[in-house]
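A.B. asks: In this note's numbering, the protein residues as written are 18 to 176. Note that beta-carbon positions come from the ideal geometry of N, C-alpha and C, so glycine has one too. No experiment lies behind these values; they were computed from the predicted model shown. Dropping the structure in here first, questions after.
Okay, here's the thing in structure tokens:
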């Protein structure tokens, strides 16, 4: 089993070439710059935003694919976390903290596939809220992933 694991995790020459070919800009100096945002979230376009619902478009870039050329599961989990969290964010309030995510990976998305990422509020009680995030292929309508995301925020004392 250990040999199979090591073989699977071994970096191939093709993988090395893919990483070497990534275009990553030099660190910017402005205080708002974040490498994470530039790498993982760049390219998301908001199509519709209303209370309790958000719909976005995203074209799968090579930087977020796995060795098989599919949108990486980690990237999908990141979208569930970020889009679900953005749905609940309120100006001038602390960000909510993810306490649980449950993701069903149902299909594959390839480089240049256009995705629709939508999130809706399932409900909430006090400082606890839940969202449902769906990733769909825009052309085929295939459901790529479905994620349930639970978030919590600290309640401030009224004293």
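In three-state terms, what does DSSP make of residue 99?
C.D. replies: Helix, per DSSP.
A.B. asks: Out of 71, 149 and 108, which one is the CA nearest neighbour of residue 120?
C.D. replies: Out of 71, 149 and 108, 149 has the C-alpha closest to the C-alpha of residue 120.
A.B. asks: Which partner residues does residue 146 have in the DSSP bridge list?
C.D. replies: DSSP lists 141 and 168 as partners of residue 146.
A.B. asks: Residue 95: beta carbon under 6 Å from a heavy atom of the ligand ADP?
C.D. replies: For the structure depicted, the ligand ADP is absent and the ligand set is empty, with no information on it obtainable.
A.B. asks: Going by alpha carbons, who is nearest to residue 164 out of 171, 153, 170 and 158?
C.D. replies: The candidate whose alpha carbon is nearest that of residue 164 is 153.
A.B. asks: Does the beta-carbon distance from residue 162 to residue 93 come in below 7 Å?
C.D. replies: In contact: residue 162 and residue 93 (Cβ atoms closer than 7 Å).
A.B. asks: What span of residues does the alpha helix (DSSP H) with residue 22 cover, start to end?
C.D. replies: Start and end: 19–26.
A.B. asks: Decide if residue 102 is buried, meaning its Cβ has at least 16 other Cβ atoms within 10 Å, or exposed.
C.D. replies: With 16 or more Cβ atoms within 10 Å of its Cβ, residue 102 is classed as buried.
A.B. asks: On the CB-based measure, 16 or more other CB atoms within 10 Å of its CB, does residue 96 come out buried or exposed?
C.D. replies: When all chains shown are included, residue 96 counts as buried.
A.B. asks: Which residues does DSSP pair with residue 114 in a beta bridge?
C.D. replies: In DSSP, residue 114 forms a bridge with 169.
A.B. asks: For residue 72, does the three-state DSSP call read helix, strand or coil?
C.D. replies: Three-state result, residue 72: strand.
A.B. asks: When you compare the segment 73–80 with the segment 130–147, are there three or more beta-carbon pairs, one atom per stretch, that lie closer than 8 Å?
C.D. replies: Taking 8 Å as the limit for Cβ pairs, the verdict is that the segment 130–147 does touch the segment 73–80.
A.B. asks: Are residue 89 and residue 98 closer than 7 Å when you measure CB to CB?
C.D. replies: Taking 7 Å as the Cβ cut-off, residue 89 and residue 98 do not qualify as a contacting pair.
A.B. asks: Just to confirm, are residue 114 and residue 56 a CB contact at a threshold of 7 Å?
C.D. replies: No, they are not a contact pair.
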